[in-house]
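If you're matching them up, the sequences are chains Y and C in order.
Reminder that position 63 of the first sequence reads as 63 in the numbering used here, one-by-one numbering, no gaps.
For the numbering used here, count along the second sequence from 1 and bump the result up by 1000.
Structure first, then comments.
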Amino acid sequence: KAGVTQTPRYLIKTRGQQVTLSCSPISGHRSVSWYQQTPGQGLQFLFEYFSETQRNKGNFPGRFSGRQFSNSRSEMNVSTLELGDSALYLCASSLAGVTGELFFGEGSRLTVL
Amino acid sequence: GENVEQHPSTLSVQEGDSAVIKCTYSDSASNYFPWYKQELGKRPQLIIDIRSNVGEKKDQRIAVTLNKTAKHFSLHITETQPEDSAVYFCAAPNDYKLSFGAGTTVTVRA
């Protein structure tokens, strides 16, 4: 079956702009979680959605938001981009949420200039 | 919230030797402890996990041990091979949130 698909794979933005990233989970997976990966900070949890409900959110400013649609696809949005937002954004889908195996997408690499 | 500490941050081993990575967690309610492997330029993939009702789990050359009293768990890789070179992350969940360790870069020397 198809894996987790993230779009776009690469994008370049300038400070102050906003960006929307998309994640299509494995068919049948209702949990989608998002992570920010940077060389210095490792994998940082952003949020987790299950059946369109956000069940938890990590320690990120309100500029980071997300949502999940009825077909389990998820989007995350970052507004008023800052240089420090440059990172690889990974989404992962699972059957059981974060207490089960996560299947990661290849990520969206965001560069903020 | 959950805090996961992982050591060492880098590990260089001779091919054929063993590698051990240790993680500690803070929330005693955590009951699931996965390990992910991320090869250069690739996505993280689960290699092994353990739940709190067991103390050890093995899968071929890799094993994970859990000490709930001390709140730590470890990954053991035996007979290391070049393809084991990667970054390894431990993790622990808390209230629908998954906290990862900072990662261990393992290099297997031929």
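Idealized CB from N, CA, C, for every residue including glycine.
Between residue i and the rest of its own chain, which residues show a CB-CB distance below 6 Å, the 5 nearest in sequence each way excluded?
i: Tyr1036(C); result: Pro1044, Leu1046 and Phe1089
i: Gln17(Y); result: Leu81
i: Thr1069(C); result: none
i: Thr1065(C); result: Glu1056 and Ser1074
i: Ser72(Y); result: Pro25 and Arg30
So, are the CB atoms of residue i and residue j less than 8 Å apart?
i: Cys91(Y); j: Val4(Y); result: yes
i: Leu113(Y); j: Thr14(Y); result: yes
i: Glu1015(C); j: Ala1086(C); result: no
i: Tyr1025(C); j: Lys1071(C); result: yes
i: Ser1052(C); j: Asn1094(C); result: no
i: Phe50(Y); j: Gly97(Y); result: yes
i: Asn77(Y); j: Ser65(Y); result: yes
Taking the alpha carbon of residue i as the point to measure from, which residue in the options has its own alpha carbon closest?
i: Leu88(Y); options: Leu95(Y), Gly107(Y) and Gly42(Y); result: Gly107(Y)
i: Arg55(Y); options: Val1108(C), Ile1062(C) and Tyr1096(C); result: Tyr1096(C)
i: Lys1022(C); options: Leu1011(C), Asn1031(C), Glu1015(C) and Ser1028(C); result: Leu1011(C)
i: Val1106(C); options: Asn1094(C), Val1054(C) and Pro1082(C); result: Pro1082(C)
i: Val1020(C); options: Pro1034(C), Ala1063(C) and Asn1053(C); result: Ala1063(C)
i: Leu1098(C); options: Leu83(Y), Ser33(Y) and Phe60(Y); result: Ser33(Y)
i: Ile26(Y); options: Leu83(Y), Gly40(Y), Ala2(Y) and Pro61(Y); result: Ala2(Y)
For chain Y, check one thing: does any of its Cβ atoms lie closer than 8 Å to the Cβ of residue i?
i: Pro1093(C); result: yes
i: Ser1052(C); result: no
i: Lys1097(C); result: yes
i: Phe946(C); result: The first residue shown for chain C is 1001 and the last is 1110, placing residue 946(C) beyond what the model contains.
i: Gly1103(C); result: yes
i: Pro1044(C); result: yes
i: Phe1073(C); result: no
i: Asp1033(C); result: Residue 1033(C) is actually Phe in this sequence, not Asp. No, its Cβ sits nowhere closer than 8 Å to a Cβ of chain Y.
Tell me which residues share the same chain as residue i and place their Cβ nearer than 7 Å to its Cβ, disregarding the 5 neighbours each side in the sequence.
i: Asp1059(C); result: Ile1048
i: Ser94(Y); result: His29, Ser31, Gly100, Glu101, Leu102 and Phe103
i: Val1108(C); result: Val1013, Glu1015, Thr1080, Gln1081, Pro1082, Asp1084 and Ser1085
i: Arg1061(C); result: Ile1077, Thr1078 and Glu1079
Quick one: what's got a C-beta closer than 8 Å to residue i's C-beta in the same chain, skipping five residues either side?
i: Ser1018(C); result: His1076, Ile1077, Thr1078, Glu1079 and Thr1080
i: Gly1101(C); result: Val1004, Glu1005, Gln1006, Cys1023, Phe1089, Cys1090 and Ala1091
i: Gly58(Y); result: Gln44, Phe45, Leu46 and Phe47
i: Pro1008(C); result: Ile1021 and Thr1104
For residue i, would you say it is in contact with chain C, using Cβ-to-Cβ distances shorter than 8 Å as the test?
i: Val98(Y); result: yes
i: Glu52(Y); result: no
i: Glu82(Y); result: no
i: Leu124(Y); result: Chain Y is shown from 1 up to 113; residue 124(Y) falls before or after that span and cannot be answered.
i: Arg9(Y); result: no
i: Arg30(Y); result: no
i: Leu95(Y); result: no
i: Leu110(Y); result: no
i: Phe45(Y); result: yes
i: Phe60(Y); result: no
Since I believe residue j is in contact with residue i (beta carbons under 8 Å), could you give me their beta-carbon distance rounded to a whole number of angstroms?
i: Ser24(Y); j: Glu52(Y); result: Between Glu52(Y) and Ser24(Y) the Cβ distance is about 15 Å, and since that is not below 8 Å, they are no contact.
i: Ser74(Y); j: Arg63(Y); result: Actually they are not in contact, since the Cβ atoms of Ser74(Y) and Arg63(Y) sit about 17 Å apart, beyond 8 Å.
i: Gly1041(C); j: Gly42(Y); result: 16 Å between Cβ atoms; not a contact.
i: Ser22(Y); j: Gln36(Y); result: No, Ser22(Y) and Gln36(Y) are not in contact; Cβ-Cβ is about 16 Å, not under 8 Å.
Any heavy atom of the ligand ATP inside 7 Å of the beta-carbon of residue i?
i: Ala1110(C); result: In the structure on display, the ligand ATP does not appear, and there are no ligands present to speak of.
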